[in-house]
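Participant: The numbering used here applies: residue 315 is where the sequence shown begins, and numbers increase by one.
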Amino acid sequence: MLHSVKELLDKGPIGKEVAVNGWVRSFRSNRFIALNDGSTIGNIQCVVDFEQFNESLLKQINTGAALNVSGVLVESQGKGQSVEIQVKKLVVLGEADAESYPIQPKKHSLEFLREKAHLRVRTNTFAAVMRVRSALSFAVHQYFQKNGFYYFHAPIITGSDAEGAGEMFRVTTLDEKNPPLTDNGEVNYKEDFFGKETNLTVSGQLEAEAYAMGLGKVYTFGPTFRAENSNTSRHLAEFWMIEPEMAFYDLDANMDLAEDFIKAVIAYVLENCTEDLQFLEKRLLDEEKSKPLAERSEMALLDKLRFIVDNDFKRVTYTEAIAILRNSKPNKKGKFQYRIDEWGADLQSEHERFLVEKHFKCPVILFDYPAKIKAFYMRLNEDEKTVRAMDVLFPGIGEIVGGSQREERLDVLLEKMKALNIDEKELWWYLDLRKFGTAVHSGFGLGFERLVQFATGMGNIRDVIPFPRTPQNAEF
Ligand code: ATP
Ligand code: MN
């Protein structure tokens, strides 16, 4: 009977005839094939009695080849595995040329594997990351579905450029060499496919707000696009964002949800991806051996994840955070690239990480930011200086969530838009939501890849999405 490697390793029928498909990870001593099919991190050892097979067949068993193996499942004699297959029949489904197959059974750098993005999932590291990614996605849906949220599909193509979250990618069918022009010589988008300028969305929030004001609680989970030319380990041009939006939630309820949600999905992978996480923990420890002591993490991966689940996030106002940063050692000694002098300064990743990793030593939710460094739709506080914004900051990552209570008062929203030169006409439908049954509401955006980075301990966001899109890179 055909089994997956996972089934064989978990509770395979000892003494019975079994069959399995997979790819050769290694072939030692013309005798031991380590076969993996992606179902689990472990390989099934297939023991070949080479006298029973002809040499030309054995020559085809190179690393990377696809095989169908059948034989009897027995308890293993050797160390390192509990069961193995005594091979009776071997079919080479697809050969892999030993000279040119790049994924050999040795250590490859993550940079090297990024250039082989189509094959890197055949390594333990990437297979483990992608299985955790899959489990996290499931956990996201499960959490919201269990808690009364509806899955809302935000449009990918957007006609409004007022989202303001970042630079956008244009969507057009106009002839690039010979576009139609207006009388004053500008490109005439009236003749474009949608009759106006359109872009790929940077956020589904504005549309989600419309749906929250009818369905109550909704969430998006889909691709978002930002043409930001920031080559960092935390930014992609195409990433997946989760954006819950809730009617009748104020900022406190919003923060409670963000914290509970993150804890729930991390707890899910702790429970369901134990082997992969153990592997990734070991990988991280190995990687960190080459770093100076000060840069190594204080906790191993699984402890770090358990710490998140078991501890409250620290909630701090922006104003308190600025006071802490201003008086901090790195600020006084000029160690920050951007010195914090005044209230109102935008926080950089170095400041966020100082607060989380050095000062509070736990996840932090910063809230009540200055209005002028946050988006127009965030609700103005009584002080008229700050808005009901919140960012969740994580160790090693910095900002993982950005959210707010939304401005539900039409007059305040209009004034804000005027001050920022945002055209009312463009957002007429968004303003309608404040005219017809407006209510307190809130939401946030969580970058899914940053969550996967945190859960897997991977340092670079390019290594937690199958085919990363970054500046100058869309090969696959
Ligand atoms: P940052 O300051 O880190 O660039 P942001 O403030 O621009 O992020 P938001 O607009 O608040 O981000 O988006 C919500 C969340 O989406 C962020 O908290 C982050 O987790 C994620 N995110 C934003 N931009 C990117 C990106 N380019 N690649 C991956 N994730 C991103
Ligand atoms: Mn943000």
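Don't be surprised by glycine CBs; every beta carbon is placed ideally from N, CA and C.
Could you tell me if the beta carbon of R445 falls within a distance shorter than 6 Å of some heavy atom in ligand 1?
Facilitator: No, since every heavy atom of ligand 1 falls outside the 6 Å radius drawn around the Cβ of R445.
Participant: Closest to F681 by C-alpha separation, out of K699, K672, E664, would be which residue?
Facilitator: Selected option, being the one with the closest Cα: K699.
Participant: Whether or not the segment 548-563 and the segment 580-600 are in contact is what I'm after, with contact meaning three or more pairs of Cβ atoms, one per stretch, closer than 8 Å; do they touch?
Facilitator: They do not touch, by the three-pair rule.
Participant: Which residue from E413, S414, N438 puts its Cα closest to that of S423?
Facilitator: Nearest of E413, S414, N438 to S423, Cα basis: N438.
Participant: Closest by CA to I471, which one among K510, D570, K491?
Facilitator: Measuring from the Cα of I471, the nearest candidate turns out to be K510.
Participant: Excluding sequence positions up to five away, which residues of its chain have a Cβ less than 6 Å from the Cβ of N543?
Facilitator: So the qualifying residues of the chain are P785.
Participant: Taking a contact to mean a Cβ-Cβ separation below 7 Å, would you say S663 touches Q719 in this structure?
Facilitator: Their beta carbons are not under 7 Å apart, which means S663 does not touch Q719 by this criterion.
Participant: G352 and A441 look like a contact to me (Cβ under 8 Å); what is the Cβ gap, rounded to whole Å?
Facilitator: With 8 Å as the limit, G352 and A441 qualify as a contact, their Cβ atoms being about 6 Å apart.
Participant: At which residue ranges does the segment 538-568 contain complete beta strand (DSSP E) runs of 3 or more residues, listed in the order of the chain?
Facilitator: Runs of the beta strand (DSSP E) inside the segment 538-568: 552-561.
Participant: Do A567 and G530 come within 7 Å of each other at the CB atom, strictly closer than that value?
Facilitator: No, the Cβ-Cβ distance between G530 and A567 is not below 7 Å.
Participant: Is any heavy atom in ligand 1 found nearer than 6 Å to the beta carbon of M555?
Facilitator: M555 Cβ: within cutoff of ligand 1.
Participant: Given this structure, state the Cα-to-Cα distance separating G717 from L495, to the nearest angstrom.
Facilitator: Roughly 40 Å separates the two Cα atoms.
Participant: Would you mind reading off the limits of the beta strand (DSSP E) that contains F758?
Facilitator: Its beta strand (DSSP E) spans residues 755-761.
Participant: Do you know how far the Cα of V701 is from the Cα of E721?
Facilitator: In a straight line, the C-alpha of E721 is about 9 Å away from that of V701.
Participant: Start and end of the beta strand (DSSP E) containing D725?
Facilitator: Taken as a continuous stretch (DSSP letters only), D725 belongs to no beta strand (DSSP E), being part of the alpha helix (DSSP H) at 724-733.
Participant: Which residues does DSSP pair with F341 in a beta bridge?
Facilitator: DSSP lists I347 as partners of F341.
Participant: Is E612 near ligand 1, going by C-beta to nearest heavy atom under 6 Å?
Facilitator: Not under cutoff, so the answer is no.
Participant: Rounded to the nearest angstrom, what separates E740 and E729 at their Cα positions?
Facilitator: When rounded, the distance between both Cα atoms is 15 Å.
Participant: Hey, would you say the C-beta of R783 is under 6 Å away from at least one heavy atom of ligand 1?
Facilitator: Because no heavy atom of ligand 1 lies under 6 Å away, the Cβ of R783 does not count as near it: no.
Participant: What does DSSP give as the partner residues of V715 in its beta bridges?
Facilitator: V715 is bridged to V706, L760.
Participant: Please check the pair G378 and Q400, which I expect to be a contact at CB under 8 Å, by giving their CB distance rounded to whole angstroms.
Facilitator: Not confirmed; about 24 Å, so no contact.
Participant: Which residue from F341, R342, E331, L349 puts its Cα closest to that of K320?
Facilitator: Nearest of F341, R342, E331, L349 to K320, Cα basis: L349.
Participant: Do you know how far the Cα of L427 is from the Cα of E634?
Facilitator: Roughly 43 Å between the two C-alpha positions.
Participant: Shorter than 6 Å, the distance from the beta carbon of L550 to the closest heavy atom of ligand 1, or not?
Facilitator: Yes, the beta carbon of L550 sits closer than 6 Å to at least one heavy atom of ligand 1.
Participant: Distance check for K403 and N335, CA to CA, integer angstroms please.
Facilitator: Each residue's alpha carbon lies about 12 Å from the other.
Participant: Please return the same chain residues whose Cβ sits closer than 6 Å to the Cβ of I636, not counting the five positions on each side in sequence.
Facilitator: Excluding residues within five positions, the ones whose Cβ falls inside 6 Å are W657.
Participant: For R484, does the count of other Cβ atoms within 10 angstroms reach 16, so buried, or fall short, so exposed?
Facilitator: R484 should be labelled exposed.
Participant: Just mark H467 as buried or exposed, buried being the case when its beta carbon has 16 or more other beta carbons within 10 Å.
Facilitator: Result: exposed.
Participant: Let me know the beta strand (DSSP E) ranges lying completely inside the segment 658-710, each 3 residues or longer, listed in chain order.
Facilitator: Those beta strand (DSSP E) runs which fall completely within the segment 658-710 and span 3+ residues are 678-684, 700-708.
Participant: Name the residue from K749, D489, E481, Q391 whose alpha carbon lies nearest to the alpha carbon of T538.
Facilitator: It is E481 whose Cα lies nearest to the Cα of T538.
Participant: Label L747 either buried or exposed according to how many other C-beta atoms from any shown protein chain fall within 10 Å of its C-beta, with 16 as the threshold for buried.
Facilitator: Counting Cβ neighbours within 10 Å, L747 comes out buried, since at least 16 surround it.
Participant: Going by alpha carbons, who is nearest to S340 out of A380, I638, K330, N641?
Facilitator: Of A380, I638, K330, N641, the residue nearest in Cα terms is A380.
Participant: Looking only at DSSP bridge pairs, what is K531 linked to?
Facilitator: Looking at the DSSP assignment, K531 forms a beta bridge with M560.
Participant: Can you list, in chain order, the residues of its chain with a C-beta nearer than 8 Å to that of A572? Leave out the 5 residues immediately preceding and following it.
Facilitator: For A572, where only same-chain residues beyond five positions count, the Cβ hits under 8 Å are I679, M704, V706, V715, G717, F758, L760.
Participant: Who are the Cβ neighbours of N774 in its own chain at under 6 Å, not counting the five residues just before and after it?
Facilitator: Excluding sequence neighbours, N774 sits near S547.
Participant: Please classify S474 as buried or exposed, where buried requires at least 16 neighbouring CB atoms within 10 angstroms.
Facilitator: Looking at its Cβ environment, which holds 16 or more other Cβ atoms inside 10 Å, S474 is buried.
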